[in-house]
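Shown next, in structure tokens, is the structure this report addresses.
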Amino acid sequence: MSAMPKDPTPAEERPAGGRPEPRPGVLAIEAYVPGKSHAPGVEKVFKLSSNETPLGPSEKAVAAFTAAGRRLEDYPDGSATVLREAIAKAYGLDPARIICGAGSDEILNLVAHTYVGPGDEAIFSAHGFLVYKIATLAAGGTPVVAPERELTADVDAILARVTARTRLVFLANPNNPTGTYLPFDEVKRLHAGLPAHVLLVLDAAYAEYVRRNDYETGLELALTAENVLMTRTFSKIHGLAALRIGWAVGPAPVIDAMNRIRGPFNMNTPALLAGAAAIADAAHVEKAVAHNAQWLPWLTTRIEGLGLKVTPSVANFLLIHFPDTPGRTAKEADVFLTRRGLVLRMVASYGLPNSLRLTVGSEEANRLVVEALAAFMAGSAGDSAGSPAK
Ligand SMILES: *Cc1c(COP(=O)(O)O)cnc(C)c1O
């Protein structure tokens, strides 16, 4: 009898005629609002709001997806063998140390549900990816926010917030929506400062885009340390966001624990086959890297040339900061651009009400954005959200 867990609200104390009540913490979650994909009344829309690639997926991935569509009656391989082996081959890993998920969002939720419960804490930085907070609250845990310095994660601020209750530290490197990153030395310093009971989750969703000698994905730590997990995605450079494919590599006991609570068929067959084909197509990835390497600096320079502040980014998106002046605000810029079919991302939910996030797009989209921003900045203040250009 006494070994039974106690029901927090005994049946006789629940209000008669009440309704189903979510667990504590659930209603504290502000549901994730994805980037807009429509511009009402505009024929040609450029979706630059969710960091998708303008190059689309590899043709080989599309062919694998199409072929998989002819065999939908069988359950998928619950252990995602084809995909884990393709990833292992691409990175020289042991497939047993890899777990796949329906997007890295599922992986981030799995890790939270595996390690965090009521009373436990998870730390992330002030402008960190919103899913960390949602996953922590959904698991019943307490989010702990570490301030940043110049829109960049601050290792000392994170370490200062570690307590006996800390179970996870989430770090997006590079971070979304800021586009900033921590050099590997700093990531190692963060890891070295964490007690052994804390799992460091390194989210490297944009790793392929980074061209900095002092950057590492964290793979080395995930392979050698007992408490580091690195997560990756097929949604960004591989252009397969619609299929929901993410993965993680880490210590065997961590992967084993996550596998126990993962849905047995969390990955679908078209995703497994398309993902395996995508990761084998290194030439397609290189094309996307080259496109970004050309247009990221071009956009940065041109937009700064309009008198707007841009946070230096190493990813495939830019954070543009607008003045507080009426007629020049981020909100008004968003309206102005959307009317021209240029859909950027408002990031007020990330605590950045005066900024917009712009995904590097096709050449056409990039040129149109710069032209439209120039028109916006040239318009008379108070009136620049006015009529759309024809
Ligand atoms: C886009 C993104 C992901 C990827 O999410 P998926 O669920 O794999 O589509 C993960 N982390 C960050 C920081 C991102 O911006």
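Start counting the sequence shown at 1; every next residue gets the next number (my numbering).
Using N, Cα and C, we set each Cβ at its ideal position, and we do this for glycine too.
Predicted model, so just to flag it, every value in this text is computed and none were measured.
Need the endpoints of the beta strand (DSSP E) that residue i sits in, please.
i	result
G145	Note on identity: in this sequence residue 145 is Val, with Gly being the wrong assignment. Taken as a continuous stretch (DSSP letters only), the beta strand (DSSP E) holding V145 covers T142 to A146.
H321	F317 to H321
E121	E121 to S125
P353	L352 to T359
T233	V228 to T233
A396	As displayed, the chain neither begins before 1 nor continues past 390, which places residue 396 out of reach and without an answer.
Am I right that residue i and residue j are in contact with their C-beta atoms under 8 Å? What's the rounded C-beta distance?
i	j	result
A252	R232	With a Cβ gap of about 18 Å, A252 and R232 do not count as contacting.
L273	F65	7 Å
A146	A157	4 Å
L221	H191	6 Å
L229	V198	Contact doesn't hold; Cβ gap of about 11 Å is too wide.
What three-state label does DSSP hand residue i in the structure shown?
i	result
G305	helix
A293	helix
R339	helix
D214	coil
A372	helix
D185	helix
A172	strand
R23	coil
D203	strand
G101	strand
G36	Per the sequence presented here, residue 36 reads as Lys, with Gly not at that position. Residue state, collapsed to three classes: coil.
V285	helix
A112	helix
R167	strand
V198	coil
M267	coil
K133	helix
R328	coil
V310	strand
R149	strand
What residue from the options has the CA that sits closest to residue i's CA?
i	options	result
A330	E371, G341, V289 and M377	M377
P57	S313, L352 and A278	A278
V249	N51, I29 and I99	I99
L319	A139, G128, V145 and N176	N176
A80	V62, A257 and A102	A102
R149	T311, A315, A333 and A139	T311
G351	S125, F170, I29 and G361	S125
W247	V42, G117 and L108	L108
G263	E85, E106 and A160	E106
A28	D281, I134, E304 and G128	I134
R165	N51, Y115 and A138	Y115
Following the continuous alpha helix (DSSP H) through residue i, name the residue where it begins and the one where it ends.
i	result
A88	T81 to Y91
R400	With the chain covering only 1 through 390, there is no way to say anything about residue 400.
Residues with a Cβ closer than 5 Å to any heavy atom of ligand 1, in chain order? G103, S104, D105, F129, A172, N176, D203, A205, T233, S235 and G246
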